[in-house]
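Anchor point for the sequence shown: position 107 equals 267 in this note's numbering, and the numbering is continuous, going up by one each time.
What follows is a single structure, written as structure tokens, with notes after it.
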Amino acid sequence: MKTMRSVLAAAVFVFAAAGMVFAEGLEFSGLLDSTVTLGAGAGEGPGFFCGLEEYANIRMQAKLRDGAAFYGALNLIAAGGTPAVTAAALAAGNAAAYPGLTASSFAAGENYAAALELERLYFRFNGDYLDFDGGLLRIAFGYGQVFGPSDFLNPKNPLVPDARPRAVLGGTLSAYLLDSLKLQVFGAAPKNPLAPEGGGGLAGLSGDQHWDKASLQVVYAFESPEEGSPQGIHRYGLSFKADLALGFTAELLYTHNPEEHTGLEGLAFSGGADYSFFDGRWYVLAEYLYNGASSSTSARSGNPAGFSGEHFFYTGISWLYDDLSAFTLACLSAFSDLSFSPVLSAEHELFQGFTLSLSGRFLLDRDLFSGDGNRGELGPLPPGASGGSRFILTVRARLRF
161 MKTMRSVLAA AVFVFAAAGM VFAEGLEFSG LLDSTVTLGA GAGEGPGFFC GLEEYANIRM
221 QAKLRDGAAF YGALNLIAAG GTPAVTAAAL AAGNAAAYPG LTASSFAAGE NYAAALELER
281 LYFRFNGDYL DFDGGLLRIA FGYGQVFGPS DFLNPKNPLV PDARPRAVLG GTLSAYLLDS
341 LKLQVFGAAP KNPLAPEGGG GLAGLSGDQH WDKASLQVVY AFESPEEGSP QGIHRYGLSF
401 KADLALGFTA ELLYTHNPEE HTGLEGLAFS GGADYSFFDG RWYVLAEYLY NGASSSTSAR
461 SGNPAGFSGE HFFYTGISWL YDDLSAFTLA CLSAFSDLSF SPVLSAEHEL FQGFTLSLSG
521 RFLLDRDLFS GDGNRGELGP LPPGASGGSR FILTVRARLR F
């Protein structure tokens, strides 16, 4: 606990010092989530599980008069039960992957586990035609709403749609040659922080062209050689969106590792459409994903949110009951093994900035109904796992400030 207090004190000192340097001081915003999770287990997992989590995301910024700005964000977490077990497993995995680095911000009390995470820490210089961002920041690509193959630095997880995208240590230089054209040079440090030789570092280019009802983005990135990819890795991305009678998106990223002679396995492709009707009270969204075994959306690529199968489909429909209440029914389907994860959710804004939400997720596959051993990766007991979940109920109170 003393270690965590030291880390928190150091973080507060850094942000306070930044606020003194920047003329306009620090501006704070953020959110606080209070979450209760209940569920039914499967396999060797507990028949019933529960958990409590208190999560705060605190964001701050300070601006200079000449176009420079500082941005930072902290995650504060206190958890007990299932969320604490998950956090402990992630901490153990990180410790095994990066020997010598300890989770110094992690502490355990008598009935909770607590963690502090630095989420964003970067600066920005704004010019008339050039912008530069550097530090711990999000470098995002693509227009896809659900799967986002092009967003390889910050992979999305459709099962956790409201998760905050993680940051990378890097920088971007953006040039605005025309009102509708943006060119960007970007770079990011290796995923392994203990790689002093720089193996696995990223550098690339992207371009965005916008029209009245359509946008196009192209991306190229090179990952420097390291173990398993002595010739480096090339990534080529293309993303398109159009707002017509329907909203359309199409996105792909091809990952080429010459060492593996990557073929179609390096391709991740998504395409979808969305539509709102009855004066915006109803909204439908559908998106398909092809997931190559060595692609950006594959679990094999080291992506914790990645998939094992090839074909996935997301469908969702939302009903805005009134200005304060909404209901959503959605389902993620894996066609490769016929497993499904439907979720029903509802939310209500009690007053401005305070929202209550309730969601129930089922995990289904063929084995659940027939007992034939055909387990699916979206089912209650994925292949290779000893434990899983049949049903997860989440109740959350969110306060924005």
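Ideal Cβ placement from N, Cα and C applies to all residues, glycine included.
Point to revise | Residue-level contact to chain C via CB, Gly-462, 8 Å cutoff | key: The chain inventory of the structure shown lacks chain C, comprising one protein chain alone.
Review point. In terms of residues, what are the limits of the beta strand (DSSP E) holding Arg-280?
Key: Counted from its first residue, the sequence shown places residue 280 at position 120. Where Arg-280 is concerned, the enclosing beta strand (DSSP E) stretches over 273 to 286.
Check your understanding: By DSSP, does Leu-489 sit in helix, in strand, or in coil?
Key -> Counted from its first residue, the sequence shown places residue 489 at position 329. Leu-489 falls in the strand class under three-state DSSP.
Exercise for review: Evaluate the contact criterion for the stretch 355 to 363 versus the stretch 497 to 513: three or more CB pairs, one atom per stretch, below 8 Å.
Suggested key: Segments in contact, no.
Review point. According to DSSP, what are the bridge partners of Gln-344?
Key: One-based indexing of the sequence shown puts residue 344 at position 184. According to DSSP, which records beta bridges pairwise, Gln-344 is partnered with Ser-334 and Ser-366.
**Study point:** Same chain only: Cβ atoms within 6 Å of Ser-517, ignoring 5 sequence neighbours per side
**Key:** Residue mapping note: residue 517 aligns to position 357 of the sequence shown, counting from 1. Around Ser-517: Glu-507 and Arg-556.
Exercise for review: Determine the closest residue to Gln-512 out of Gly-440, Glu-387 and Ser-485, with distance taken between C-alpha atoms.
Suggested key: As a working note, residue 512 is residue 352 in the sequence shown. Residue Ser-485 is the option with its Cα nearest to Gln-512.
Exercise for review: Consult DSSP for Gly-190 and reduce its assignment to one of helix, strand or coil.
Suggested key: As a first step, residue 190 is located in the sequence shown; it is residue number 30 there, counting from the start. Three-state DSSP puts Gly-190 in a strand.
Check your understanding: Can you tell me the Cα-Cα spacing of Leu-492 and Ala-453, whole angstroms?
Key -> Residue mapping note: residue 492 aligns to position 332 of the sequence shown, counting from 1. Residue mapping note: residue 453 aligns to position 293 of the sequence shown, counting from 1. Straight-line Cα distance between these residues: approximately 19 Å.
Exercise for review: Under 8 Å by Cβ, that's how I've got Pro-309 and Leu-376 pegged, so tell me the actual separation to the nearest angstrom.
Suggested key: Residue 309 sits at position 149 when you count from the first residue of the sequence shown. Residue 376 sits at position 216 when you count from the first residue of the sequence shown. Going by Cβ atoms, the distance from Pro-309 to Leu-376 rounds to 15 Å, so no, they are not a contact pair.
**Study point:** Local Cβ density within 10 Å of Arg-326, reported as buried at 16 or more and exposed below that
**Key:** Position 166 of the sequence shown, counted from the start, is the residue given in the question as residue 326. Under this definition Arg-326 is an exposed residue.
**Study point:** Thr-242 - DSSP class collapsed to helix/strand/coil
**Key:** Numbered from 1 along the sequence shown, position 82 holds the residue referred to as residue 242. In the structure shown, Thr-242 falls within a helical segment according to DSSP collapsed to helix, strand and coil.
Exercise for review: Return helix, strand or coil for Pro-315, following the three-state DSSP convention.
Suggested key: The count along the sequence shown starts at 1 and reaches residue 315 at position 155. DSSP places Pro-315 in coil when its eight states are reduced to three.
Review point. Excluding the five sequence neighbours on either side, which residues of its own chain have a C-beta within less than 8 Å of the C-beta of Ile-299, listed in chain order?
Key: As a working note, residue 299 is residue 139 in the sequence shown. Excluding positions up to five away in sequence, the list reads Leu-313, Asn-314, Val-328, Gly-330, Thr-332, Phe-346 and Ala-348.
**Study point:** Leu-528, enclosing alpha helix (DSSP H) - first and last residue
**Key:** Position 368 of the sequence shown, counted from the start, is the residue given in the question as residue 528. Counting along the chain, the alpha helix (DSSP H) containing Leu-528 begins and ends at 526 to 530.
Point to revise | Presumed contact (8 Å Cβ cut-off) between Ile-477 and Val-444, rounded CB distance | key: Here residue 477 refers to the residue found at position 317 of the sequence shown. Here residue 444 refers to the residue found at position 284 of the sequence shown. With a Cβ gap of about 5 Å, Ile-477 and Val-444 count as contacting.
Check your understanding: By DSSP, does Pro-390 sit in helix, in strand, or in coil?
Key -> Counting from one through the sequence shown, the residue named residue 390 turns up at place 230. Pro-390: coil per DSSP, three-state reduction.
Check your understanding: With a cut-off of 8 Å, do at least 3 Cβ pairs link the stretch 232 to 249 to the stretch 207 to 222?
Key -> yes
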